[in-house]
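Number of protein chains: 2
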Amino acid sequence: MAGSPLVNDLRAALGDDAVLTDPDLLRLHRKDEADLCEAGTPLVVTRPRSTADVVEVVTIAGRYGVPVVPQGARTGLAGAANAVDGAVVVSMVAMDAVLEIDPVSRIAVVQPGVVNAALSAEVAKQGLWYPPDPGSWEMSTIGGNVSTNAGGMCCVKYGVTTEYVLGLEVVLASGEVLRTGRRTAKGVAGYDLTRLFVGSEGTLGVITEVTVALRPAPAESLTMVAVFPTTAAAGRAVARIAEDGLTPSLLELIDRTYLRAIEAYRPMGLRTDVEALLLASADTGSQAAGDLARLAELCEAAGAEEIYAATDAVEAAALLQARRLGHAAMEKFARESFPGGNGGMVIDDVAVPRGALAALLDGVARIAVECDVTIGVVGHAGDGNMHPNIVVDRADPASLERGRRAFDEIIRLGLELGGTCTGEHGVGLLKRDWLAREIGPVSLRVHQAIKAALDPAGLFNPGKVF
Amino acid sequence: MAGSPLVNDLRAALGDDAVLTDPDLLRLHRKDEADLCEAGTPLVVTRPRSTADVVEVVTIAGRYGVPVVPQGARTGLAGAANAVDGAVVVSMVAMDAVLEIDPVSRIAVVQPGVVNAALSAEVAKQGLWYPPDPGSWEMSTIGGNVSTNAGGMCCVKYGVTTEYVLGLEVVLASGEVLRTGRRTAKGVAGYDLTRLFVGSEGTLGVITEVTVALRPAPAESLTMVAVFPTTAAAGRAVARIAEDGLTPSLLELIDRTYLRAIEAYRPMGLRTDVEALLLASADTGSQAAGDLARLAELCEAAGAEEIYAATDAVEAAALLQARRLGHAAMEKFARESFPGGNGGMVIDDVAVPRGALAALLDGVARIAVECDVTIGVVGHAGDGNMHPNIVVDRADPASLERGRRAFDEIIRLGLELGGTCTGEHGVGLLKRDWLAREIGPVSLRVHQAIKAALDPAGLFNPGKVF
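Right, here's the structure in full:
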């Protein structure tokens, strides 16, 4: 395959270094972090170094009628970046420059391969802040964050990725280079094409440049922990907090399964004898102490058994770190839950209106019993966005079947409660069928019409989303 | 015309009360508030009372191949709601219900005809706040605000309309009813169709329901005024404020022409012997006084001649009221600037990166001299979004020509400075040619492809935007 005319054309255009056909590398680029999703083996992986390189890749692939699958760091959790057999993968990791930081206009212009944490560090040097902080932020790229409209822990107060994307450069299926958006704080010239591409999961074009809005560096925050006798009680606390008009800068839930997984992964002195823990922060400057006290009061009123405030920034950082370790800890826990390290997990990502959070959490507990599976629950409680992680034995078809059923039941419940099948991970392959059910036939036809208008031959990321 | 088959069909479907053909009413619905824009006379004005009514109107108009022009309160400033000859106008003012307010999820579901101020008053009763506050907020409808992605004074801290639109119901050209978005704080299921419709100025469908995000009621704010010897000095103050990491809750500029117009319209004791005034507020609770002091310091460093803080909420409200009166005052000033009340104004709406604001303001002053026109400048300085108002004599072709030249020169300068031809008013008819220049041929083709995908027959609002 390495000598195919397509690969030869790519080599001629990009140089040998940017065109990978080594079988190990092809295998490496088959999939993202989503467990139990189908994936194909690409024909070739390209690593463009410029927009012109991307134009070459898209044009050449288009000429051969071979699908193009864009990839960032492949940390996604829905299979959106999974390759299809014979595809040209466009890995954007070599385009990782921060092109410009403007502290007066509070914007940065970056290439899509820059890692979220690298951009954050760079802007911090100028007293600025790029808020979106998906769990993968130390590895994931801005291009991937934009393509999936990534969320994170700070979103409860500061919003998700799309709120920070002002403009894009995108290579279209035609090989044309589209520039969308602006560098100004406001602008309404034409359709909001920028946000049409944000969250489109690589199905409409390849993003080659991103202009993001920045904020002034955040204020110091104060952090507290409240533990609850049931996850639903924690959910009720979240509703009370919202109703009270408070806007914590962080409001996360960790359930007992997760707490135990984290303690087993790295002992941090978390209580593992409680059903749920809420982690909350306030960054309202001189009012933060008062806001934290009010958060504590509301948690107590909702049935919290114990509340303690972090005594200093170090302790607060440790609590956040425990939350951040959750995914890796839970993966290890799942893996080791079955003989031969065959355990895996299917990760739900439902979001419900905040008022329905307690009902969702009650329902998840019931579904775990009904489907006879272990489900660890963690998530962005303040946004009503929960990640029930269903533990399955990959080697046991019956276990997989039970896990898949629980996965579906949780989404069904989320939709019944007025929610969505994906709060922040995206549709990818994992929730493709659910998307159609959630949005309905009219919206699906509009999606297909827009896809056909921009990518008539179906070149980009076929089989994903819808 | 009243007995045309189209009108008869509309009467049969909606009832006589909802189908207007009185010539005076037809004339009334010809245009919005944009001066000097072309407008046609509609064949009929419909006032649907339900989504089903809108489906009827769109289906019937589509059957006859007659264009459909959606209208709200017709307070727009770009001609986007102007009728075309023989069109069916869909006036959404009778669909003005607030359907639901949910204080826990902090959302409201409304019909598009609800007036912004009415929604604001309604949610305020529950301690909630709908921030977007265009100058027209006491008259304009949420549907119109959504269709133009309206801005306002609070946007410098709280963002524009699109940040608050979670979901929409839209009647498509096919007569199908599309539901977009969600009721949850986060959600990434499929393309962001919601924001594709926000700001699309009635060219893609008729919005029949809007789900908006709300905030807790804002904190009390403190307000100050700084006066400057040049508008550019005020622009430099804005850049320093941004660079310093401050986020005022309001940061408005009023120039001397405007100050004089306001004082003539309603004397408020504003200084009319200065070139520019900055109005700034801080709503950071117990830190507001400190933030206001820092704002004053930065204004002084940028050359402010005098600074005074409002002593109480009443005085602060009066200052804001003076700013809000600007549009009406300037209209009167323009009208009376020429014999026979023939004066009018062409309103620019450029937005530039904050760092370029001083250069824009200097340029506007130069253009006024070069084109021999009076230009009053007012705007959302903190967003870099300025409204230079060019005074013209409608009865004098030479004056109109000089005004049009100044209008174009200001946009040209705005684009050169990295800005946009419209920060918040929209494209409509007024900036249609400039949109094409700003976004370029590739983006224009993408716009046309999306329009064709959703509205293949060009039913909705033909001739607008592009």
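So the sequence lines, in the order shown, correspond to chains A and B.
Each residue of the first sequence is one higher than the last, beginning at 1 in UniProt numbering.
Each residue of the second sequence is one higher than the last, beginning at 1 in UniProt numbering.
Note that CB positions come from ideal geometry on N, CA and C, so glycine has one too.
Since we're looking at a predicted model, the values are computed, not measured.
Original post:
Does DSSP put A/Tyr258 in a helix, a strand or coil?
Top reply: helix
Original post:
How is the alpha helix (DSSP H) around B/Pro5 delimited, first residue to last?
Top reply: It spans 5-14 - the alpha helix (DSSP H) in which B/Pro5 sits, taken as one unbroken run.
Original post:
Hey, does B/Leu178 have any beta-carbon neighbour from chain A nearer than 7 Å?
Top reply: yes
**OP:** Output, in chain order, the set of chain B residues within a Cβ distance shorter than 9 Å of A/Ala289.
**Re:** Neighbours of A/Ala289 on chain B: none; closest Cβ ~11 Å, over 9 Å.
**OP:** State the Cα-Cα distance for the pair A/Ile307 and B/Arg183, rounded to the nearest angstrom.
**Re:** 31 Å
**OP:** Could you list the residues in the segment 175-199 of chain B with a C-beta less than 8 Å from some C-beta on chain A, going in chain order?
**Re:** Glu176, Val177, Leu178, Arg179, Thr180, Arg182, Arg183, Thr184, Ala185, Lys186, Gly187, Val188, Ala189, Gly190, Tyr191, Asp192, Leu193, Arg195, Leu196, Val198, Gly199
Subject >> Uninterrupted beta strand (DSSP E) stretches inside the segment 182-209 of chain A (no shorter than 3 residues) >> reply: none
Original post:
Nearest-angstrom Cα distance between B/Leu454 and B/His447?
Top reply: 11 Å
Original post:
At what residues does the alpha helix (DSSP H) containing A/Ser50 begin and finish?
Top reply: Where A/Ser50 is concerned, there is no enclosing alpha helix (DSSP H), given that its DSSP letter is neither H nor E.
Subject >> Any chain A beta carbon closer than 7 Å to B/Asp383 >> reply: Under the Cβ criterion of 7 Å, B/Asp383 is counted among the residues facing chain A.
Original post:
Within 10 angstroms of its Cβ, does B/Arg63 collect 16 or more other Cβ (buried), or is it exposed?
Top reply: The Cβ neighbour count for B/Arg63, taken over all protein chains shown within 10 Å, is under 16; the residue is labelled exposed.
**OP:** From the DSSP output, in three-state form, read off B/Asn145 for me.
**Re:** helix
**OP:** Starting from the C-beta of residue 467 of chain B, find all residues in its chain whose C-beta is less than 6 Å away, skip the five residues before and the five after it, and write them out in chain order.
**Re:** Lying before the first or after the last residue shown, residue 467 of chain B is absent from chain B, which here runs from 1 to 466.
Original post:
By the criterion of Cβ-Cβ separation under 7 Å, what are the contact partners of A/Glu438 in chain B?
Top reply: Ala189
Subject >> B/Gln111 - DSSP class collapsed to helix/strand/coil >> reply: coil
Subject >> Host alpha helix (DSSP H) of B/Leu357 (start-end) >> reply: 357-371
**OP:** Just the C-alpha distance for B/Leu214 and B/Leu14, rounded to the nearest angstrom, thanks.
**Re:** 33 Å
Original post:
Is DSSP giving A/Thr162 helix, strand or coil here?
Top reply: helix
Original post:
For A/Thr284, is the classification buried or exposed, using 16 other Cβ atoms within 10 angstroms of its Cβ as the cut-off for buried?
Top reply: buried
Original post:
Given that A/His447 touches chain B, what residues does it touch there, using C-beta distances under 9 Å?
Top reply: Gly190, Tyr191, Leu193
Original post:
Can the beta-carbon of A/Gly440 be found less than 7 Å from the beta-carbon of A/Val352?
Top reply: no
Original post:
In chain order, what residues of the same chain have a beta carbon less than 6 Å from the beta carbon of A/Ala2, not counting five sequence neighbours either side?
Top reply: Low confidence applies here, because A/Ala2 scores a pLDDT of 49, under 50, leaving its location unreliable; read the following figure in that light. Cβ within range, chain order: Thr21.
Subject >> Distance between beta carbons of B/Thr59 and B/Val19, contact taken as under 8 Å >> reply: At roughly 15 Å, the Cβ-Cβ gap does not stay under 8 Å, so B/Val19 and B/Thr59 are not in contact.
Original post:
Should A/Ala280 and A/Leu251 be called a contact, given that it needs their Cβ atoms to be closer than 7 Å?
Top reply: yes
**OP:** Over the uninterrupted alpha helix (DSSP H) stretch that includes B/Ala124, give me the two end residues.
**Re:** 116-124
Original post:
Relative to the ligand GDP, is the shortest distance from any of its heavy atoms to the C-beta of B/Gly40 smaller than 6 Å?
Top reply: No copy of the ligand GDP occurs in the structure displayed, which carries no ligand at all.
**OP:** Could you check how far apart the C-beta atoms of B/Val177 and B/Val55 are, in whole angstroms? I think they sit under 8 Å.
**Re:** 7 Å
**OP:** Quick one: measure Cβ to Cβ for B/Glu438 and B/Cys421, integer angstroms, because I've assumed they're closer than 8 Å.
**Re:** 5 Å
**OP:** Within the same chain, show all residues whose beta-carbon is closer than 6 Å to that of A/Ser200, passing over the 5 residues directly before and after it, in chain order.
**Re:** none
Subject >> Coarse secondary structure for B/Met224, derived from DSSP in three states >> reply: strand
Original post:
Any idea what DSSP makes of A/Thr211, helix, strand or coil?
Top reply: strand
Subject >> Integer Cβ distance of B/Tyr164 from B/Pro134, believed to fall under 8 Å >> reply: That pair is no contact at about 12 Å.
Original post:
In this structure, does DSSP put B/Glu306 in helix, strand or coil?
Top reply: strand
Original post:
Can you tell me the Cα-Cα spacing of A/Gly326 and B/Ala381, whole angstroms?
Top reply: About 44 Å.
Original post:
Should the segment 235-251 of chain B be called in touch with the segment 188-204 of chain B, which here means at least 3 C-beta pairs below 8 Å?
Top reply: no
Subject >> Three-state class that DSSP yields for A/Ala2 in the structure shown >> reply: Its pLDDT being 49, under 50, A/Ala2 is placed unreliably in this model, and the value from its coordinates should be taken loosely. In this structure, A/Ala2 counts as coil in the three-state DSSP scheme.
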